[in-house]
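All remarks here apply to the structure that follows.
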Amino acid sequence: MRTYAIGDIHGHLDKLEAAHRLIAADRAATGDADAPVVHVGDLVDRGPDSRGVIEYLRRGIAGGAPWIALKGNHDRMFADFIGDPDNHDPGLREGLHWIDPRLGGGATLSSYGVEGAGERLLFDLHEEALAAVPRSHVAFLGALRLQYRRGGVLFVHAGIRPGVALEQQTEDDLLWIRRTFLDDPRDHGVLVVHGHTPVDAATHYGNRLNIDTGAGYGRALTTVVIEGNLVWQLTGGGRAPILPAG
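Per the working numbering, the sequence shown starts with residue 1026, numbered consecutively.
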């Protein structure tokens, strides 16, 4: 059972297209055209072309590509801003807004031609965004899945709360959890493939696989292929095994 997965994209369309070229090459080498491709969320923010990323994924999925797009915390913040500019995501500390440069919402708006985030009145910015962001993109963001399970592998954005049944996980945890999940060595009953917390290289911890390698901070976008208990990173030279740490 083969599944491809791509880490946090953060508005880098060029890196996303390159990731899909790696997958196409692996498909050609293996003869498997049907294995799904899971994008683990944070499609938007920080990078230069969040609009292009959403449109690329939206068109591919609408055209029948076997792609799954999961919701990340940044995707939720974007969608919530479109719905209500005063919305404050519960995962953010008080006083920090999505358009803060540290979060990258301004870069997302800029990709739609909406400039001046942080310098203009919030409601003026919102009014322009409502006119600039296509309804098809708003609908796409609203339809993003929170998790995807295939066999013994669970794909989520941030992680899961250990000890809680998979069907009882909350959206806030799936999009925001960090140390409670990252520091827990127990077997979760599935291999949890996630992003959200950048690492230097895709890392297999035995019970989880982190594939966020910091594309939102100018680093690489990682693409992996999973077959049963085996994981490889896709590179220009082919597959490179990712072995469990320790």
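From the three backbone atoms N, C-alpha and C, an ideal C-beta is built for every residue, glycine too.
- One alpha carbon belongs to alanine 1270, the other to threonine 1248, and they sit about 19 Å apart.
- When the Cα atoms are used, alanine 1190 and isoleucine 1031 turn out to be separated by approximately 25 Å.
- Of the residues Phe1180, Ile1124 and Gly1089, the one whose Cα lies closest to the Cα of aspartate 1033 is Phe1180.
- Our two residues, aspartate 1198 and arginine 1027, have alpha carbons roughly 27 Å apart in a direct line.
- Between histidine 1219 and valine 1062, the gap from beta carbon to beta carbon reaches 8 Å or more.
- The three-state secondary structure of glutamine 1172, taken from DSSP, is strand.
- Between the segment 1129-1140 and the segment 1075-1087 there are three or more C-beta pairs closer than 8 Å, enough to call the two in contact.
- With contacts defined by Cβ atoms closer than 8 Å, alanine 1227 and leucine 1234 form a contacting pair.
- Three or more Cβ pairs drawn from the segment 1166-1182 and the segment 1090-1108 lie within less than 8 Å of each other, which places the two stretches in contact.
- Ranking Trp1201, Asn1232, Arg1084 and Asn1254 by CA distance to the CA of glycine 1176 puts Asn1254 first.
- Annotation for glutamate 1140: no beta strand (DSSP E) segment contains it, and DSSP assigns it neither H nor E.
- Around the beta carbon of alanine 1058, fewer than 16 other beta carbons lie within 10 angstroms, which makes this residue exposed.
- DSSP, read as helix, strand or coil, puts alanine 1094 in strand.
- Nearest to leucine 1166 by alpha-carbon distance, out of Ile1079, Thr1238 and Ala1245, is Ile1079.
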